[in-house]
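**Q** Just so you know, we're using this note's numbering here: the sequence shown kicks off at 2 and counts up by one. The beta-carbon is built from N, C-alpha and C at its ideal position, and this holds for glycine as well. Since the model is a prediction, treat every value here as computed from it, not as a measurement.
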Amino acid sequence: MIGDDRNSPGGAPPCASLPAEPGWGGFMTIEPAPLHLLDRPLDFIFAEHYRQRAVSSLLSMTAEGECDSAEIEAIIRFLESEYRLHIADEELSLFPLLKARCLPEDGIDEAIAKIMGEHQWEEAELDRIIEDLRAIRAGASIDAAMRARLNRFAEQIKQHLAFENGILLPIARVRLSLIDLADLADSMRQRRARVDRGGPAAEKLSGS
2 MIGDDRNSPG GAPPCASLPA EPGWGGFMTI EPAPLHLLDR PLDFIFAEHY RQRAVSSLLS
62 MTAEGECDSA EIEAIIRFLE SEYRLHIADE ELSLFPLLKA RCLPEDGIDE AIAKIMGEHQ
122 WEEAELDRII EDLRAIRAGA SIDAAMRARL NRFAEQIKQH LAFENGILLP IARVRLSLID
182 LADLADSMRQ RRARVDRGGP AAEKLSGS
């Protein structure tokens with residue numbers, strides 16, 4: 002299987018203003034990924050991964066009572082919209098291209114099955130996580146069960162991103178042609194245009 006650390010040509014993308022680890026004081030924001038990166042769709046996906054890594058840090062901070070209501074609201078907005086868009090980008094646009102282009106020795110079917118299984122777990126947990134975040138934003142005390150759920154979800158995001166950045170994206174950079182990348186970019190743009198017109202954040206996934 003192909004795999005390396007080629008995550009991004011320039012390190013951290015310009016969309017993320019959050020530190021990679023919790024513990025930094027002051028208001029923290031989740032900056033949008035620059036839309037011009039859609040011209041380089043794999044870089045855009047990596048930028049979204051960087052933002053998700055930042056969100057996982059915010060979730061861990063929230064579990065310890067270290068985020069204010071504005072930061073918690075930013076997490077909720079991200080999870081309700083852009084997070085689901087990102088999953089659709091991968092499952093409906095990127096994965097079919099990889100299945101069409103990869104060689105047997107790449108192990109892409111196994112990699113995609115693992116990622117989709119993790120997506121299913123994350124989506125199953127998502128409504129409860131958002132419910133917890135809304136309760137905390139409204140002033141609820143953070144009990145042990147809430148803290149455990151938030152920390153477990155945050156850790157799952159980090160592990161999931163490590164696999165995608167270390168395995169999936171390097172394979173995509175090797176196997177996808179310029180035409181494939183243009184098709185991927187077009188699909189991702191169309192998905193965002195539908196959302197801008199008031200459509201759902203993501204189409205039906207997993208088998209659609």
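Buried or exposed for PHE57, going by 16 or more other Cβ atoms inside 10 Å?
**A** Mapped onto the sequence shown, residue 57 falls at position 56. Just to set this straight, residue 57 is Ser in the shown sequence, not Phe. Label assigned to SER57: buried.
**Q** Assuming the contact rule is C-beta atoms closer than 8 angstroms, SER94 and SER188 should be a hit. Round their C-beta distance to whole Å, please.
**A** Along the sequence shown, read from residue 1 onward, the residue named residue 94 stands at position 93. Along the sequence shown, read from residue 1 onward, the residue named residue 188 stands at position 187. With a Cβ gap of about 4 angstroms, SER94 and SER188 count as contacting.
**Q** How many Å lie between GLU111 and PRO105 at the Cα?
**A** Translated into positions along the sequence shown, residue 111 becomes position 110. Translated into positions along the sequence shown, residue 105 becomes position 104. In a straight line, the C-alpha of GLU111 is about 10 angstroms away from that of PRO105.
**Q** Comparing the C-beta of SER61 with each C-beta of chain E, is any distance below 8 angstroms?
**A** Within the model displayed, chain E is absent; a lone protein chain is all it includes.
**Q** How would you write the range of the alpha helix (DSSP H) that ASP107 sits in, first residue to last?
**A** Residue numbering aside, residue 107 sits at position 106 when the sequence shown is read from its first letter. Note, ASP107: premise wrong, no alpha helix (DSSP H); not H, not E.
**Q** Hey, would you say ILE76 sits closer than 8 angstroms to LEU134, going by beta carbons?
**A** For the purposes of this step, residue 76 is identified with residue 75 of the sequence shown, where counting begins at 1. For the purposes of this step, residue 134 is identified with residue 133 of the sequence shown, where counting begins at 1. Yes; because the gap between Cβ atoms is below 8 angstroms, this pair is in contact.
**Q** Within the same chain, show all residues whose beta-carbon is closer than 7 angstroms to that of ASP270, passing over the 5 residues directly before and after it, in chain order.
**A** A question about residue 270 goes unanswered here, because the residues of the chain that appear run from 2 up to 209.
**Q** Is the CB-CB distance between LEU185 and ILE116 below 8 angstroms?
**A** Mapped onto the sequence shown, residue 185 falls at position 184. Mapped onto the sequence shown, residue 116 falls at position 115. For LEU185 and ILE116, no; Cβs fall outside 8 angstroms.
**Q** Return the CA-CA distance between ALA48 and ILE113, expressed in angstroms with no decimal places.
**A** The residue labelled residue 48 in the question sits at position 47 within the sequence shown. The residue labelled residue 113 in the question sits at position 112 within the sequence shown. Their backbone Cα atoms lie some 20 angstroms apart in a straight line.
**Q** Use the C-beta contact count for SER61: other C-beta atoms within 10 angstroms, 16 or more gives buried, fewer gives exposed.
**A** Translated into the one-based positions of the sequence shown, residue 61 becomes position 60. So SER61 counts as buried.
**Q** Going by beta carbon distance, what residues of the same chain come within less than 6 angstroms of ILE130, once the five residues before and after it are set aside?
**A** Here residue 130 refers to the residue found at position 129 when the sequence shown is read from its first residue. Contacts found: PHE154.
**Q** Under 6 angstroms Cβ to Cβ from ALA64, same chain only, skipping five residues before and after it: list those, please.
**A** Taking the sequence shown and counting its residues from 1, one reaches residue 64 at position 63. Closer than 6 angstroms at Cβ, skipping near neighbours: ARG148, LEU151, ASN152.
**Q** When the Cα atoms are used, what is the spatial distance from GLU119 to HIS161?
**A** Here residue 119 refers to the residue found at position 118 when the sequence shown is read from its first residue. Here residue 161 refers to the residue found at position 160 when the sequence shown is read from its first residue. Answer to the nearest angstrom: the Cα atoms are 7 angstroms apart.
**Q** Out of ALA194, LEU127, ILE172, which has the shortest C-alpha to C-alpha gap to GLU81?
**A** Mapped onto the sequence shown, residue 81 falls at position 80. It is LEU127.
**Q** So for ARG102, helix, strand or coil by DSSP?
**A** Here residue 102 refers to the residue found at position 101 of the sequence shown. Correct three-state label for ARG102: helix.
**Q** Look at the alpha carbon of PRO42 and the alpha carbon of TRP122, and state the distance between them as a whole number of angstroms.
**A** Your numbering for residue 42 matches position 41 in the sequence shown. Your numbering for residue 122 matches position 121 in the sequence shown. Cα-Cα distance, rounded: 25 angstroms.
**Q** Give every residue of the same chain whose Cβ lies closer than 6 angstroms to the Cβ of GLN157, excluding the five residues on either side of it in the sequence, and list them in chain order.
**A** Along the sequence shown, read from residue 1 onward, the residue named residue 157 stands at position 156. None.
**Q** Would you mind sorting GLU91 into buried or exposed? The rule is 16 or more other CB atoms within 10 Å of its CB.
**A** On the sequence shown, residue 91 is found 90 positions in, with the first residue counted as 1. So GLU91 ends up on the buried side.
**Q** Return helix, strand or coil for ALA139, following the three-state DSSP convention.
**A** Residue numbering aside, residue 139 sits at position 138 when the sequence shown is read from its first letter. Here ALA139 sits in coil by DSSP.
**Q** Skipping 5 residues on each side, what residues in its chain have a beta carbon closer than 8 angstroms to that of ARG190?
**A** Here residue 190 refers to the residue found at position 189 when the sequence shown is read from its first residue. Result list for ARG190: LEU39, in chain order.
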